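One structure is given here, and the rest of the page talks about it.
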Amino acid sequence: MGSLSNDSFAPLEPKEFSQESKKVIDFIADYYSNIEKYPVLSQVKPGYLKTELPDSAPYSPEPLEDILNDIDAKLMPGFTHWQSPNFFAYFQINASTAGFLGEMLCSGFNIINFCWLASPAATELEILVMDWMAKMLQLPPSFMSSGNGGGVLQSSTCEAIVCTLAAARDKVLAEVGYEAITKLVVYSSDQTHSSLQKGVKIVGIPPSNVRCLPTAFSEGFSLSPQTLEEAIRKDIMSGFIPLYLCGTVGTTACGAVDPIEKLGKVARKYNLWFHIDAAYAGSACICPEFRHYLDGVELADSLSMNPHKWFLTNMDCCCLWVKNPDSLIDSLSTNPEYLRNAPSESGNVVDYKDWQIPLSRRFRAMKLWVVIRRHGLATLRFHIRSDVKLATYFESKVAKDSRFEMVVPRKFALVCFRLKAGKDSKDDENLNKKLLQEVNESGNAFMTHAVVGGVYFIRCAVGSTLTEERHVEGLWKLIQEKATKVLLDAIV
Ligand SMILES: *Cc1c(COP(=O)(O)O)cnc(C)c1O
1428 MGSLSNDSFA
1438 PLEPKEFSQE
1448 SKKVIDFIAD
1458 YYSNIEKYPV
1468 LSQVKPGYLK
1478 TELPDSAPYS
1488 PEPLEDILND
1498 IDAKLMPGFT
1508 HWQSPNFFAY
1518 FQINASTAGF
1528 LGEMLCSGFN
1538 IINFCWLASP
1548 AATELEILVM
1558 DWMAKMLQLP
1568 PSFMSSGNGG
1578 GVLQSSTCEA
1588 IVCTLAAARD
1598 KVLAEVGYEA
1608 ITKLVVYSSD
1618 QTHSSLQKGV
1628 KIVGIPPSNV
1638 RCLPTAFSEG
1648 FSLSPQTLEE
1658 AIRKDIMSGF
1668 IPLYLCGTVG
1678 TTACGAVDPI
1688 EKLGKVARKY
1698 NLWFHIDAAY
1708 AGSACICPEF
1718 RHYLDGVELA
1728 DSLSMNPHKW
1738 FLTNMDCCCL
1748 WVKNPDSLID
1758 SLSTNPEYLR
1768 NAPSESGNVV
1778 DYKDWQIPLS
1788 RRFRAMKLWV
1798 VIRRHGLATL
1808 RFHIRSDVKL
1818 ATYFESKVAK
1828 DSRFEMVVPR
1838 KFALVCFRLK
1848 AGKDSKDDEN
1858 LNKKLLQEVN
1868 ESGNAFMTHA
1878 VVGGVYFIRC
1888 AVGSTLTEER
1898 HVEGLWKLIQ
1908 EKATKVLLDA
1918 IV
């Protein structure tokens, strides 16, 4: 790669491919060995990189070693280490050896299956692996390929929500006319992920037509079916058209679960598209003790969850199942001459381009298939349970320290807690903000916060692949130590 002559330009030369890839893998393996040495949350200031790297592209090829050295010296300080065992922020993004191998194979083959013909095995493997996942989650046959439903792998829940909103929108507008788009109403709770709000905007429904229905502490911040039905009735009386309901299994702020079966009945009664967002907690539902949260799923039109969060599958991977793929296809299909082919025209194959926003698509089925095969259902269950066990352990520590309280009961591996030693709620909020800042600035752990029901609290999301009991123990010691400091500072 050192010279620019024609005979030496070989960007995919197998021997070099092998040598350089191995160097990168060793580099990543070293990173994992040393990951605890870095501050979890990057401590750099905005714009720091400008002075570190040249502001124009190189004219001539550069050696891999130089690039890796720059990653080490220049980029690493600006990384927030999502794979650190001391990462307890947001929701974890699981990496695993199997997930990486699958990703390598996906990227290595670099094939694209926008239509069946463009790579038959990729499409058929996706159908198979989505059926495998459906069975692990005990979804009804109506979501599987054998039952006229089906699954597709997308990049994100946001994308899945946009696709289902578009499908629901077009089905209704085809009946009532396109002018009625300003009358369509979307229902969710005030805990629903912001991707719904974004999706609504993208599909052209007025954002003011999203009903973020209030939830309460007394009901565990889940959406009440009565509140939903009242809102629907009111909208109908005002001339609106109820379109879509998003229920959540495992909300982002506090892990709340909406009552799927009861909401599903309301959705069926008023003929709403019912989507279940189980981005985070869907993975847990492969364990029988968590599966009941999905009871009533047969009443839904679609369900999505992210294996890239809690299912040992490296970014990116979102499973979306729909009961009626034709409704997706009606909204999202295109049929340009240059893609026409006999199998597609026969109607006997799946063309995944019509189940998603982009035309091109990654071979994500390979990744998920490798993850499932390398672990098996038993180990995947063990993985979920051991994270839940660690979260339970953390929860028990919180319970033993009277300066703290749990804010919402824990359901999965997300612990919502706070210091409650202040004079009033404002004082409590300031104390918790300071505590969180102290913990994160120490570099020894990273957590984030949320506010539900007006209460500011700290979220400890246990579930990074490398996290062990000693890390959770270390985290709790750090929190206690910083809490003592913050409380002392408050007195002074
Ligand atoms: C993480 C999360 C999302 C967003 O997922 P993306 O794949 O990043 O779009 C949506 N809903 C819930 C409940 C989540 O936890």
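Using this note's numbering, read the sequence shown as starting at 1428 and increasing by one per residue.
Where is the CB? At the ideal position from N, CA and C, for every residue including glycine.
It should be emphasised that the depicted structure is a prediction, and the values quoted were computed from it without experimental measurement.
Look at THR1675 and GLN1618 and say whether their C-beta atoms are less than 8 Å apart.
When the beta-carbon positions are compared, THR1675 and GLN1618 come within less than 8 Å of each other.
Under the rule that 16 or more other beta-carbon atoms within 10 Å means buried, what is ILE1494, buried or exposed?
So ILE1494 ends up on the exposed side.
Looking at the strands, I want to know which residues DSSP matches up with GLU1868.
The partner list for GLU1868 (beta bridge, DSSP) is empty, contrary to what the question assumes.
Pick out whichever of GLU1764, PHE1790, PRO1485 has its Cα sitting closest to the Cα of CYS1745.
Among GLU1764, PHE1790, PRO1485, the Cα nearest to that of CYS1745 belongs to PHE1790.
Within its chain, find whatever has a CB closer than 6 Å to the CB of SER1622; leave out the 5 residues flanking it on each side and keep chain order.
Once the five neighbours on either side are set aside, the close Cβ partners of SER1622 are THR1584, CYS1585, ILE1588.
For ligand 1, is there a heavy atom less than 7 Å away from the beta-carbon of CYS1745?
In this structure, ligand 1 has a non-hydrogen atom nearer than 7 Å to the beta-carbon of CYS1745.
Taking 8 Å as the threshold (C-beta atoms), are ILE1632 and ARG1596 in contact?
Yes, these two residues count as a Cβ contact at 8 Å.
How is ARG1830 classed by DSSP in three states: helix, strand or coil?
ARG1830 carries a coil assignment under DSSP once its states are collapsed to helix, strand and coil.
I want to check one thing, is the minimum distance from the CB of TYR1707 to the heavy atoms of ligand 1 below 7 Å?
True, at least one ligand heavy atom lies under 7 Å from that Cβ.
Straight-line CA distance for PRO1770 to SER1435?
Taking the CA atoms as reference points, PRO1770 sits about 41 Å from SER1435.
I think SER1511 touches VAL1471, with their Cβ atoms under 8 Å apart; what is that distance to the nearest whole Å?
So it is not a contact: roughly 16 Å between Cβ atoms.
With a cut-off of 8 Å, do at least 3 Cβ pairs link the region 1569–1581 to the region 1606–1617?
Cβ pair count under 8 Å is below three, so no.
Do LEU1670 and LEU1690 come within 8 Å of each other at the CB atom, strictly closer than that value?
Taking 8 Å as the Cβ cut-off, LEU1690 and LEU1670 do not qualify as a contacting pair.
Which one or two residues does DSSP pair with TYR1883 in a beta bridge?
Partner(s): VAL1878.
So for CYS1714, helix, strand or coil by DSSP?
In the three-state reduction of the DSSP assignment, CYS1714 falls in the coil class, being assigned neither a helical nor a strand state.
Nearest-angstrom Cα separation, counted from LYS1477 out to SER1891:
So the two alpha carbons sit approximately 31 Å from each other.
Compute the distance between the beta-carbons of PRO1567 and GLU1463, then report whether it is under 8 Å.
Not closer than 8 Å, so no.
Please identify the residue among LYS1853, LEU1841, VAL1913 whose C-alpha is closest to the C-alpha of ARG1886.
Closest by alpha carbon: LEU1841.
Tell me whether HIS1620, by its Cβ, gets closer than 7 Å to a heavy atom of ligand 1.
Correct: HIS1620 has its Cβ closer than 7 Å to ligand 1.
Chain-order list of residues whose beta-carbon lies under 7 Å from that of GLU1856 (same chain, five-residue window excluded)
TYR1883, listed in sequence order.
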